[in-house]
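This report refers to the structure that appears directly beneath it.
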Amino acid sequence: MESEEESGIEQQHMRLSVDEIIEKYVGGLGGAQLFQVLVVSLGWAFDAQNTFLPIFTDAQPSWRCSTSPHFLEMTAQTQTCTPQSSLCDMDPHLWEWNAPKNASIISEWDLLCANSFKSGIPQFFFFTGALLGAVWLWEALFSLWSGIPDEVLG
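Quick note, my numbering runs 876 ahead of the 1-based positions in the sequence shown.
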């Protein structure tokens, strides 16, 4: 039969909290853990930057039909402007942006209709750079740790 001392030790082990178990077997927060948190957070910073990029590049500002009499007289015979009209189907002089032209990347660089694909270019270059950087980094680490010279890897 177990002694009272052994059963007391077993009960003490069963009462440990998760924090106590981590502290006992893993240890406290040290330099290595802080370095790991920093490295993981750095990766998230780049991901967050790329997540917010489309918010600014894809934001199409509101527009209204132009109220300038010169343009209305010039185009009144051929087209009309209504709020339901498509910007791509209308003469550019029939409508105007509600905000200044430099308020959005789409309005400033005229990324409408045929030029709308250009708003995805920053994301394309970001992912291309990330892919090429990862391939280069992986090759450099592999050659460093494997002992294979760079000339063999290409």
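C-beta atoms are modelled at their ideal positions from N, C-alpha and C, and glycine is treated no differently.
Taking all protein chains shown into account, decide if residue i is buried (16 or more other Cβ within 10 angstroms of its Cβ) or exposed.
i	result
C964	exposed
C957	buried
L970	buried
Please work out which residues of its chain come closer than 8 Å, Cβ to Cβ, to residue i, disregarding the five sequence neighbours upstream and downstream, and give them in chain order.
i	result
G919	none
Q912	none
S962	none
Who are the near neighbours of residue i in its chain, counting only those whose CB is closer than 7 Å to its CB and skipping five residues on each side?
i	result
E972	W939, R940, S942
S983	P937, W973, K977
Helix or strand or just coil, what does DSSP make of residue i?
i	result
C989	helix
G996	helix
S893	coil
Suppose the cutoff is 6 Å on Cβ atoms and the five residues either side in sequence are ignored; what does the same chain contact list for residue i look like?
i	result
N926	F1002
S995	T933, D934, L987
V915	none
I think residue i touches residue j, with their Cβ atoms under 8 Å apart; what is that distance to the nearest whole Å?
i	j	result
A990	P937	In fact, because the Cβ distance is near 19 Å, the residues do not count as touching under 8 Å.
Which full runs of the beta strand (DSSP E) of 3+ residues lie inside the region 908-989, going along the chain?
939-941, 971-973
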